[in-house]
Every structure is written in structure tokens, then in C-alpha cells.
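There are 2 protein chains.
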Amino acid sequence: MLSDVMEDYLKAIYYLERDEGAPIGTSRLAEYLDVTAPTVTSMVDSLEERGLVDREKYKGVELTADGETVAVEVVRHHRLLEAYLTEHLDYDWSEVHDEADALEHHISEEFERRVANALGDPEVDPHGDPIPSPDLTPPDEGTGTRLDEHGENERLKVERVSDRDADELAYLQDAGVVPGTVLEITDVAPFGMVTVDVDGDEQSLPESVARSIRVSVATDSDESVVEEA
Amino acid sequence: MLSDVMEDYLKAIYYLERDEGAPIGTSRLAEYLDVTAPTVTSMVDSLEERGLVDREKYKGVELTADGETVAVEVVRHHRLLEAYLTEHLDYDWSEVHDEADALEHHISEEFERRVANALGDPEVDPHGDPIPSPDLTPPDEGTGTRLDEHGENERLKVERVSDRDADELAYLQDAGVVPGTVLEITDVAPFGMVTVDVDGDEQSLPESVARSIRVSVATDSDESVVEEA
DNA sequence: ACTTATGTTTAGATGTGTCTAATCCTTGGT
DNA sequence: ACCAAGGATTAGACACATCTAAACATAAGT
Ligand SMILES: [Mn+2]
Ligand SMILES: [Mn+2]
Ligand SMILES: [Mn+2]
Ligand SMILES: [Mn+2]
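Protein sequences, first through last, are from chains A and B.
Residue 81 in my numbering sits at position 81 of the first sequence; the count goes up by one each step and never skips.
Residue 1158 in my numbering sits at position 158 of the second sequence; the count goes up by one each step and never skips.
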């Protein structure tokens, strides 16, 4: 059996590989998990002994196929829980991340199945993140492009939003920027601030926020105001 | 912060005090928690340092008011979870105990509130055990008397059933012995086996099972077959 | 009152997850 | 090709939760 700490390391490596590419350095992982570098060194060492990561000293670490499967399972738990909490327990999308982080390591396979069933096996969680299927095939995490990579006058559809900062999520909900929203970039300031038009309202988003929003180019069939199911 | 192991010790002491009276001996607690006696000695020692138990060497241990409050909170979590799993996720009452045992240490106060709300603040869990109120006043755990303390021809109403043995629960559900059931004792064998009449069906219960069922004397207003809400 | 059985505690060890301080690689700048 | 800076690992420590083996206290039995 794996400890929840080990599961958190694997999940962190999974996210960092997705966002920044393998291999992941010791200090990056230490920063992300809020522990010291020597702690990471010893932990990834035991993960390697269990065959869950490949590691090259002084280089970094990456998931093996087994390690990725564990990570994907934890991610499935996390995103199913986030969806369940919003759909059935009336949580706000800005509140669910921490709760899911605590529960994801402690639910049974039976609980996972029943929650998925109660939700009707959804494809994405409240932030637009793909929910891995029960067979634990790694989902496509690469949908869309970062909002800060686009320029003025582009008409874009919001695909997903980072779920890690509750304040940011509360602000975005207020601004109407949620998965499915169609927006148009009206201005990009030199220091990266992006101003967008959401259904007639102008919203200014700091670069750090714009970077955490993933979008696709809006097609004609994307209505600008429609609330999606 | 308390570890989940510490919470489990406090919950165990709470249950053992209820069933067997304080103080609780080291080896009894060791048996109940499936650890060795020295492990218990060192654990209760640190619980005493935190002011959660009173302890007299070579005598035993009992909860302080603070310790009881922690125990009652864990019990509230446990029983709310059991109720939620049966009511909203279609679990059988025989399956919920282990799931609740794992989750009870990891839910937030917010989650506790929302689950209680979704259930309409129930008084009892699926096994008839009282759910402590949010202010954590110790509930009355003494309702009813043990079925094995009654004799032939007594007409009794089932108040609660132990939730710890899944097989036993499955059997009892099949036999129709659930909280609210009215039954009549038709025979008590010398070795403790109790035979009861449940709505015309005869059911034989070994002494160990009879001991884990708590009942009250049925009144005229207790219909023999009615399923309670 | 003595002795023994039972139950409890102490002593000492292990594994996990973490830390700080010290040492050791690797690499980019000159 | 050298060296300094930054990042990574090793060394040594600590808290927690657990164990086995040994010593000890209490309670019962004679
Ligand atoms: Mn986590
Ligand atoms: Mn999410
Ligand atoms: Mn537990
Ligand atoms: Mn119960």
C-alpha cells in the first residue's frame, strides 16, 4: 500500500510533467509540495525503489507507467470529488479543491464507482479539467492554449481554469469567466494584463490569472452568452 | 492537530466506556484496536500529556471532558457519513461502516454541515445509533436493553444494532431485524440462542448476535409490521 | 503471608516522513 | 579550461506509531 504522502508526490510529478515537462528537478518539486529538497531526495528515492518513478541523480525525476497509473487514479478521485461536491452538496467551485485534496486518498473503489454513477460519468470537473476514465488511461490534459498567448480581437472559448487558488476562482466566477464562456480580448497591456469582453462587460485579468486560463478559438456555433448544461 | 490514530484511540475509549464502564485497561484497548499492549501504553501516555485522557498506572484510562468532546465529534462524523452513504449513495447498511471509518478523520467542518443539511439533521444513523448534535454534547447512548437479557413471550421493538460486523448486518437485514422492527421472543435456548417471531417468520439468533441488538418493550402503538420512515 | 499468574510498563528497535547543516555535483561565465 | 554559484545529495537528527523481549506491579490462591 502507498501512503497518502506518496500519492501526493506522484500527483505533483504528474501535474509538473504536464505543465513544465519531464524531468522534474528536486527543488521544483520541493517548492510545489512545500517541503525541503533533502526530503524530496529521500522520498523520490523510495518511490524509485517501488518502481513508480525513474530517476537520474542530479538530473530529476519522471513517472514510470506504474507511477502514472497511480497518479491518474488520484486525479480521478480528486476531480470526481470536486464534481460531486458542487453537484450534490452545493459547494461553490472555489471551495472544492481543498476538500477533494483531503478526501482523494481515503475513498474506496466502491465509493469512486458510486460517485461516478451518481454524476452520470462526467467528462470534466467544475474547472473544465478532464476526469480520467475508470481504466486509468491518462486523459488528454492538453486541451486549449493559454489565454496569455493570444492577442487583441481574438474571440475565444474558455476550456478550463486552474483550481488551485480559491480567491482567483471566486473572482472569475463573479466575472463570468467559467468553462464554456465565450470572450473577446479587447486589450493586452505590455506587462501582460489582459482585458476581455464577456457578454458586454469588460474584465481585466492580471497575467498570472490569464496564464491559468486555457481557451480554444471560438467557432460560429459558440454562442457568446449561452450557459452550458 | 490530532492524528487520525489518536482520534481512533479516543473513539475506542468512548465506545468501551459506554459498553463496559471506565476505566479501560491497556490490554482491552489493545485487543479492541488490534495493536500490542506497549503500543497502547505509549499512546495513552501522549494522550494524557495533551489532556485528553486521565490515566492511573496499572489501573487504566478514561476520557477527560476534552477527550470526550473529540470522541463525540468523530462519532458524529462517523454516523453522519453512514447515514449519508445509505440515503444518498445507495449503500447497504452493512457496507457503510468501513467507508465511514476511513473518511471520518478527513472531512471538514463545512462538509459535516452540508452532509447534515442534506440529510435534514437526522437523530439516528442507519443502525439506530444516535447522531451527536453539532454542539458535541454527548448523546444518550443508553437507549434500550440488550435482547439477550429478555425472556420468552416478550414483545419488543428493535432500537439499534451494532454496526461493526457486515455479515451479521446482512443477515439481520434479510431476517427483517432492523431499527423499528417489532418482534416477539418465542424461545430462549440454554446456550443463549434466542428465537424470535418477526411478522410470522421465526428467526434464530446466536447469543453473540442477540447481545449486539438493543430493544425496548413494545407498546400498543407499535405496529408489528410497519416500516418506519 | 508467600507465591504465582496476569496484566502493565520499560527498554530498545524499526520504518516513515520530515528537518538543518554540511558536502558534493553540474553548469554557465570568464 | 577554470571557478563560482546554484542545485542536489549525504549525514545526522527528531517525532510518531508500531513492534518484541524483558522487567515489574497487582491481585488471587493457597
Ligand atoms: Mn492530497
Ligand atoms: Mn479541478
Ligand atoms: Mn477511523
Ligand atoms: Mn452506525
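Note that CB positions come from ideal geometry on N, CA and C, so glycine has one too.
Between the options, which lies nearest to residue i when the distance is taken from Cα to Cα?
i, options, result
"Tyr-1009/B", "Met-1043/B, Arg-1146/B, Pro-1038/B", "Met-1043/B"
"Thr-181/A", "Phe-191/A, Ala-189/A, Val-196/A, Asp-167/A", "Val-196/A"
"Ala-30/A", "Ile-13/A, Asp-19/A, Asp-165/A", "Ile-13/A"
"Thr-145/A", "Asp-92/A, Gly-67/A, Ala-210/A, Ser-221/A", "Ala-210/A"
"Asp-1140/B", "Asp-1129/B, Glu-1149/B, His-1150/B", "Asp-1129/B"
"Arg-1214/B", "Asp-1167/B, Thr-1143/B, Asp-1165/B, Ala-1118/B", "Thr-1143/B"
"Lys-1011/B", "Ala-1166/B, Glu-1152/B, Gly-1067/B", "Gly-1067/B"
"Arg-1028/B", "Leu-1047/B, Lys-1059/B, Glu-1049/B, Gly-1051/B", "Lys-1059/B"
"Gly-1151/B", "Asp-1121/B, Met-1001/B, Ala-1189/B", "Ala-1189/B"
"Ser-94/A", "Asp-163/A, Asp-220/A, Gly-120/A", "Asp-163/A"
"Asp-19/A", "Thr-219/A, Lys-57/A, Val-35/A, Ser-212/A", "Ser-212/A"
"Gly-1120/B", "Ala-1022/B, Thr-1036/B, Glu-1087/B", "Glu-1087/B"
"Glu-1149/B", "Ala-1166/B, Ser-1108/B, Asp-1187/B", "Asp-1187/B"
"Leu-136/A", "Val-158/A, Glu-159/A, Glu-112/A", "Glu-112/A"
"Glu-123/A", "Tyr-91/A, Thr-39/A, Ala-102/A, Glu-159/A", "Glu-159/A"
Does the beta-carbon of residue i, which I'm using as the reference point, lie nearer than 8 Å to any heavy atom of ligand 4?
i, result
"Glu-1082/B", "yes"
"Pro-122/A", "no"
"Arg-1079/B", "yes"
"Asp-1163/B", "yes"
Determine the contact status of residue i and residue j, defining contact as a CB-CB distance below 9 Å.
i, j, result
"Ala-1083/B", "Ile-1131/B", "yes"
"Val-194/A", "Val-178/A", "no"
"Arg-79/A", "Ser-133/A", "no"
"Glu-1154/B", "Glu-1202/B", "no"
"Leu-1081/B", "Ala-1100/B", "yes"
"Leu-1156/B", "Ser-1216/B", "yes"
"Arg-1114/B", "Leu-89/A", "yes"
"Asp-1004/B", "His-1127/B", "no"
"Glu-62/A", "Val-53/A", "yes"
"Glu-7/A", "Val-74/A", "yes"
"Gly-192/A", "Glu-207/A", "yes"
"Leu-1147/B", "Ala-1175/B", "no"
"Val-70/A", "Leu-16/A", "no"
"Asp-92/A", "Ala-22/A", "no"
Of all Cβ atoms in chain A, is any one closer than 9 Å to the Cβ of residue i?
i, result
"Glu-1110/B", "yes"
"Thr-1098/B", "Residue identity check: residue 1098/B is Asp in the sequence provided, not Thr. Yes, Asp-1098/B lies at the interface with chain A (some Cβ there is under 9 Å from its Cβ)."
"Arg-1114/B", "yes"
"Asp-1090/B", "yes"
"Ala-1118/B", "yes"
"Glu-1095/B", "yes"
"Ile-1107/B", "yes"
So that I know if they touch, is there some Cβ in chain B lying closer than 9 Å to that of residue i?
i, result
"Leu-103/A", "yes"
"Arg-76/A", "no"
"Glu-227/A", "Low per-residue confidence applies at Glu-227/A: pLDDT is 48, beneath 50, and the placement is therefore not dependable, though the value from the model is reported in the following sentence. No, its Cβ sits nowhere closer than 9 Å to a Cβ of chain B."
So, helix, strand or coil for residue i, using DSSP?
i, result
"Leu-1136/B", "coil"
"Thr-273/A", "With chain A represented from 1 up to 229, any question about residue 273/A goes unanswered, as that position is not in the structure."
"Leu-1033/B", "helix"
"Lys-11/A", "helix"
"Arg-208/A", "Per the sequence shown, the amino acid found at residue 208/A is Ser instead of Arg. Three-state result, Ser-208/A: helix."
"Pro-38/A", "helix"
"Ser-108/A", "coil"
"Val-226/A", "Note that Val-226/A scores a pLDDT of 48, beneath 50, so its modelled location is shaky; the value from the coordinates is reported in the next line. DSSP places Val-226/A in coil when its eight states are reduced to three."
"Leu-1052/B", "coil"
"Ser-1046/B", "helix"
"Asp-4/A", "helix"
"Thr-1064/B", "coil"
"Glu-202/A", "strand"
"Glu-1159/B", "strand"
"Ser-27/A", "helix"
"Arg-18/A", "helix"
"Val-70/A", "helix"
"Val-177/A", "coil"
For ligand 2, I want to know if residue i counts as a neighbour, meaning its beta carbon is within less than 8 Å of at least one of the ligand's heavy atoms.
i, result
"Pro-132/A", "no"
"His-97/A", "yes"
"His-127/A", "yes"
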